[in-house]
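To start, the structure under review is shown below, and the notes come after it.
Numbering (our numbering), first residue to last: 42 to 216.
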């Protein structure tokens, strides 16, 4: 649906005797996904949704090294994708990957992964993935985030000789 010019949203209509196909079911799923993303884009702003879990708060780890910890939370990207982290995520900053001085962006990025593969022994023509996992990744980036596809969680400024990450004195006005 998203690739072609739409005249509206077309949803599946079941009736007695209707024989569904793989395409019918995938179209039905696409309809609901597109509607949810439209709702998210039009009625909510992209970014962190405060009030869920740890609000995706990013802090320096107490170990005094070059790592940050992202708390669980929920966000919406510019395409309307739901981005949710259920457990704290730790990211280590490898200085060899960056040219100092450098600002490193901690971002959240949506991805999908096919899961639950099944192949029927009786007929190997019938095989495929039964589920699609919608998830997100916490990533470190050298470039400013593409706000359509990423949600910026934090910025870390790295200077030559840096050996640990510190929390900002004022997260609303980091320096």
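Cβ atoms here follow ideal geometry from the backbone N, Cα and C, with glycine treated the same way. For clarity, every value in this text was computed on a predicted model and none was experimentally measured.
{"Check": "For the alpha helix (DSSP H) that residue 72 lies in, which residues bound it at each end?", "Outcome": "63-84"}
{"Check": "At what residues does the beta strand (DSSP E) containing residue 156 begin and finish?", "Outcome": "143-160"}
{"Check": "In the structure shown, what three-state DSSP assignment does residue 42 receive?", "Outcome": "Reliability fails at residue 42, whose pLDDT of 49 lies under 50, so the model's placement of it is uncertain and no value is given."}
{"Check": "Under the rule that 16 or more other beta-carbon atoms within 10 Å means buried, what is residue 155, buried or exposed?", "Outcome": "exposed"}
{"Check": "Nearest to residue 102 by CA position, among 83, 202 and 131, is which residue?", "Outcome": "131"}
{"Check": "Mark residue 157 as exposed unless 16 or more other C-beta atoms lie within 10 angstroms of its C-beta, in which case mark it buried.", "Outcome": "exposed"}
{"Check": "Can you tell me which of the three DSSP states residue 165 falls into?", "Outcome": "coil"}
{"Check": "Have a look at the DSSP bridge pairing and note the partners of residue 123.", "Outcome": "117"}
{"Check": "Tell me, please, which residues DSSP counts as bridged to residue 138.", "Outcome": "According to DSSP, which records beta bridges pairwise, residue 138 is partnered with nothing at all."}
{"Check": "Which whole-angstrom value is the C-beta distance of residue 40 and residue 177, which I expect to be below 8 Å?", "Outcome": "Any answer about residue 40 is impossible in this case: the structure gives the chain only from 42 up to 216."}
{"Check": "By the 10 Å Cβ neighbour count, where 16 or more other Cβ atoms means buried, how is residue 212 classified, buried or exposed?", "Outcome": "exposed"}
{"Check": "For residue 196, which residues from the same chain have a beta carbon less than 8 Å from its beta carbon, with the 5 sequence-adjacent residues on both sides left out?", "Outcome": "144, 145, 146, 147 and 215"}
{"Check": "Assess, as a yes-or-no matter, whether the segment 91-98 is touched by the segment 51-64 under the definition of 3 or more beta carbon pairs within less than 8 Å.", "Outcome": "no"}
{"Check": "Touching or not, the segment 135-142 and the segment 162-179, by the rule of three or more beta carbon pairs under 8 Å?", "Outcome": "no"}
{"Check": "Identify the continuous beta strand (DSSP E) that holds residue 195 and give its terminal residues.", "Outcome": "191-199"}
{"Check": "Using a 10 Å radius around the Cβ and a threshold of 16 neighbouring Cβ atoms, would you call residue 159 buried or exposed?", "Outcome": "exposed"}
{"Check": "Among the residues of its own chain, which have a CB less than 8 Å from the CB of residue 206, if the five just before and after it don't count?", "Outcome": "101, 102, 106, 107, 108, 109, 134 and 197"}
{"Check": "Looking at the structure shown, is residue 58 part of a helix, part of a strand, or coil, going by DSSP?", "Outcome": "coil"}
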